[in-house]
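In this text, residue positions in the sequence shown follow our numbering: the first is 423, and each later residue adds one. Written out below as structure tokens is the structure these notes cover.
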Amino acid sequence: MLERTPRNDRTEVTFVLPADAPPGSVSVVGDFNDWQPGIHTLKARKDGKRAVTVELASRSTHSFRYLAAGDYWFNDESVGEQEGPNSRLHT
Numbered sequence: 423m424l425e426r427t428p429r430n431d432r433t434e435v436t437f438v439l440p441a442d443a444p445p446g447s448v449s450v451v452g453d454f455n456d457w458q459p460g461i462h463t464l465k466a467r468k469d470g471k472r473a474v475t476v477e478l479a480s481r482s483t484h485s486f487r488y489l490a491a492g493d494y495w496f497n498d499e500s501v502g503e504q505e506g507p508n509s510r511l512h513t
């Protein structure tokens with residue numbers, strides 16, 4: 423699930439997953455971080471989910487996926503749009 427917060431010419435996008443599915447560490451990787459795992463690792467939050475927030479330019483489009491432990495790649499089903507194997511995000 424994605425949460426968006428507009429900020430002038432930027433948008434804060436928070437990537438949110440359940441606390442335990444999939445198990446282990448999960449990173450969001452995409453064109454906004456040169457597809458580098460570990461830069462945006464989801465952390466536990468008070469509501470029992472885990473999340474990470476990334477600041478992106480407003481009115482932009484990005485490709486991303488999640489990478490979990492064990493080299494398990496997966497998409498965000500809540501986004502609804504894909505580009506090849508990747509999820510698509512519009513800010």
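Glycine included, C-beta positions come from ideal geometry on N, C-alpha and C. Treat the numbers as computed from the prediction; the structure is a model and nothing was measured.
Q.
Restricting to runs no shorter than 3 residues, where is the beta strand (DSSP E) found entirely within the segment 459-487?
A. Qualifying beta strand (DSSP E) stretches, in chain order: 471-479.
Q) Do serine 449 and leucine 464 have their C-beta atoms within less than 9 Å of each other? A) Counted from its first residue, the sequence shown places residue 449 at position 27. Counted from its first residue, the sequence shown places residue 464 at position 42. The Cβ-Cβ distance between serine 449 and leucine 464 falls below 9 Å.
**Q.** Which of helix, strand or coil DSSP assigns to asparagine 430
**A.** For the purposes of this step, residue 430 is identified with residue 8 of the sequence shown, where counting begins at 1. Asparagine 430 falls in the coil class under three-state DSSP.
**Q.** Alpha-carbon spacing of serine 485 relative to arginine 467, whole angstroms
**A.** Position 63 of the sequence shown, counting from 1, holds the residue named residue 485. Position 45 of the sequence shown, counting from 1, holds the residue named residue 467. Their backbone Cα atoms lie some 25 Å apart in a straight line.
Q. Quick one, which of Trp495, Arg432 and Val438 has its alpha-carbon nearest aspartate 469's?
A. Here residue 469 refers to the residue found at position 47 of the sequence shown. Answer by Cα proximity: Val438.
Q: Identify, in the order they occur along the chain, each residue of the same chain with its Cβ nearer than 8 Å to the Cβ of tryptophan 457, setting aside the five sequence neighbours on each side.
A: Translated into positions along the sequence shown, residue 457 becomes position 35. Excluding residues within five positions, the ones whose Cβ falls inside 8 Å are Val451.
Q) Among His512, Val476, Ser482 and Pro445, which has the Cα closest to the Cα of tryptophan 495? A) Taking the first residue of the sequence shown as 1, we reach residue 495 at position 73. Nearest C-alpha to tryptophan 495: Pro445.
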